[in-house]
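Undergrad: Numbering (the working numbering), first residue to last: 50 to 140.
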Ligand SMILES: [Ca+2]
Ligand SMILES: [Ca+2]
């Protein structure tokens, strides 16, 4: 029984680690879907606009808006979002 419990705990830990390593944008949501509603639209562009020009420790920093992960929210992130504008996940 104890071995079964340890095995289950290990599986849960492994799943948590994998989920932490795979960003949501690559898992379930379209790239640029900053509000996680499965569509890239004006609301996402607004979120990016509010974070535009920011970097970690900026008051308006939003790590989700840093789509290329370079530590700045700038025109390159806006370009990534616009390339995916209109994409949606249908269920
Ligand atoms: Ca969205
Ligand atoms: Ca960036």
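No residue lacks a Cβ here, since even glycine has one placed at the ideal position from N, Cα and C.
All values derive from a computational prediction rather than experimental measurement.
Which value, in whole angstroms, describes the spacing of the CA atoms of residue 99 and residue 140?
TA: Spanning the two alpha carbons is a distance of roughly 29 Å.
Undergrad: Got a sec, what are the start and stop residues for the alpha helix (DSSP H) residue 95 sits in?
TA: Start and end: 91-100.
Undergrad: Around the Cβ of residue 58, are there at least 16 other Cβ atoms within 10 angstroms (buried) or fewer (exposed)?
TA: Residue 58 should be labelled exposed.
Undergrad: Residue 130 lies in the alpha helix (DSSP H); which residues open and close that run?
TA: Run containing residue 130: 124-132, per the alpha helix (DSSP H) assignment.
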